[in-house]
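Going by this note's numbering, 190 is the number at position 189 of the sequence shown; the sequence numbering is gapless.
Written out below as structure tokens is the structure these notes cover.
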Amino acid sequence: MNLLSDKRILLGVSGGIAAYKSAELVRQLRAAGAVVRVVMTRAATEFVTARTFQALSGQPVWSDWSDDRTSMDHIELARWADRLLIAPATADTLARLAHGRADDLLGAICLASTAPLCVAPAMNQGMWRHAATRDNVRYLQERGVAILGPAEGAQACGDNGPGRMLEPEALVRALSDSFSSGALAGVSVVLTAGPTREAVDPVRYISNRSSGKMGYAIAAAARDAGARVELISGPTALDAPVGVHLTRVESAGDMLAAVLDRVEAGCQLFISAAAVADYRPARPAAQKLKKQAQQWSLPLEPVADILATVSALPRRPFCVGFAAETEDVEQHAQKKRLLKGVELIAANRVGRNLGFDTDDNELLLVWEGGSRLLARDSKTRLARLLIEQIATLYSSQPCLRISTENDAKHSA
Ligand code: PMT
């Protein structure tokens, strides 16, 4: 499971010999998909150069206040980060954090940021065991700081004992685990994504511009929140997110059959992000249609509405739909919520390079008695916010959950 994909990690490096391992840490964080920015203390620059981190992170490196003391870098960096990780965190750094010192850039960022803070202590075993360090660690833990390590073993100074910085793999794992919200722990989710293709003849079809990016991002976000995710996707160029079970389908009819199969097998949450056809050719030709000189018209018939079908089931899951609108987004979204009988609609403005086949989106969430605008952002980040909102609404309406009989079916 890759919970670090697209996460913004601010890595603070303080001045200890273990700073050389932080270079490898940056490499591994990036390999896991994280975006990493490095802030070095003045002492850290005595051990590793800023250029090393710059090359490995592909981002500028901040060292102390030296870059521009008058700028608001500490506030911008504090707001930017999803997580702060200080590795190595020396005894002095722990003491400074415990006392809320802000006379260097890293300390100021830690005070200004609301992002969770993790520290990976690295120091001599005597310093780690000292009562002052013990007290500082206790203060930090009481404030919710995650203390990662230290490990025990041979130390650079020749001592043996606790105080070695955890290896980069262990830090990447711990950081990744810290992103598992558990908001949908154990919930089984069926989710549709991508376009459908409705055959005209063996070589032609009617479809739309959906790339699947929005739906696949939601699948990954639901997985990260602890859900078991069944993704039913129309044709896309995307790979299944790791840990998500993917069924590929072609037409709206195939999608409906696959959805009903999964929902009936046991599902507590259904999210319909696919751009499903509303109409299909009434009589797809068995052979390739020949070009005709005169105008040609194609009779269409309506396609069953998958979302409305699921929401009308007697033992229905909590249902979330989308609304793709080119105008009057809010009114249409409210209407669709009632028409399709769903708990939540995520509405997006589409057309003119919006919504379909873009990396960014903007969503207006509407539910009974509430709404929330998710401002323009990457589909990955919007998906996480959407899943948070779904989890909040889902957990406040337990009567809508599928019965334990269905849960039992799923786990059987
Ligand atoms: O895939 P991307 O390129 O990332 O683009 C994302 C998106 C724009 C496709 C996505 O954000 C989105 O809006 N998906 C829904 C598209 C759509 O079909 O909207 P609609 O307003 O026509 O349908 C309303 C709801 O009914 C949707 O939840 C849809 O999945 C569902 N529906 C529609 C028709 C149908 N036959 N069956 C359905 O279940």
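Quick reminder that beta carbons are idealized off the backbone N, C-alpha and C, glycines included.
Nearest to Ala121 by C-alpha distance, out of His131, Ala109, Met166, Trp129, is Met166. For Pro163 against Glu153, the beta-carbon gap comes to about 5 Å, under 8 Å, which counts as contact. Counting along the chain, Val62 sits inside the beta strand (DSSP E) bounded by residues 62 to 64. Taking the Cβ of Gly195 as the reference point, at least one heavy atom of the ligand PMT falls within a distance shorter than 7 Å. Three or more pairs of CB atoms, one per stretch, sit closer than 8 Å, so the region 190 to 199 contacts the region 221 to 234. Taking the CA atoms as reference points, Ala92 sits about 24 Å from Val37. Rounded to the nearest angstrom, the Cβ distance from Phe271 to Pro318 is 5 Å, consistent with a contact under 8 Å.
Take the alpha-carbon of Ala123 and the one of Ala51: they are about 20 Å apart. DSSP, read as helix, strand or coil, puts Ser182 in coil. Secondary structure note for His100: it is in no alpha helix (DSSP H), with a DSSP letter that is neither H nor E. Residue side-chain check: Ala324 places its Cβ nearer than 7 Å to a non-hydrogen atom of the ligand PMT.
With contacts defined as CB atoms closer than 8 Å, Leu366 and Ala347 qualify as a contacting pair. Leu366 carries a strand assignment under DSSP once its states are collapsed to helix, strand and coil. A distance of 8 Å or more separates the beta carbons of Leu355 and Leu383. In terms of side-chain proximity, the C-beta atom of Asn354 is found no nearer than 7 Å to any non-hydrogen atom of the ligand PMT. Taking the Cα positions, Ile87 is about 46 Å away from Thr327. A straight-line Cα-Cα distance of about 13 Å links Ala90 and Arg43. In this structure, DSSP gives Glu251 a state outside helix and strand, which the three-state scheme calls coil.
Contact holds between the region 281 to 300 and the region 195 to 205, because three or more Cβ pairs, one in each stretch, are under 8 Å apart. The beta carbon of Gln335 lies closer than 7 Å to those of Val367 in the same chain, with the five residues before and after it left out. Each of Val230, Gly13, Leu386 was checked against the Cα of Gly244, and the nearest Cα belongs to Val230. According to the DSSP assignment, Glu302 belongs to the beta strand (DSSP E) that extends over 301 to 303.
Residue side-chain check: Asn161 keeps its Cβ at 7 Å or more from all non-hydrogen atoms of the ligand PMT.
When only Cα atoms are considered, Ser23 and Gly13 end up about 9 Å apart. Here Ala157 is exposed: its Cβ has fewer than 16 other Cβ atoms, across all protein chains shown, within 10 Å. Beta bridge pairing from DSSP links Arg205 with Asp202.
Val321 sits close to Glu344, with the two beta carbons spaced by under 8 Å.
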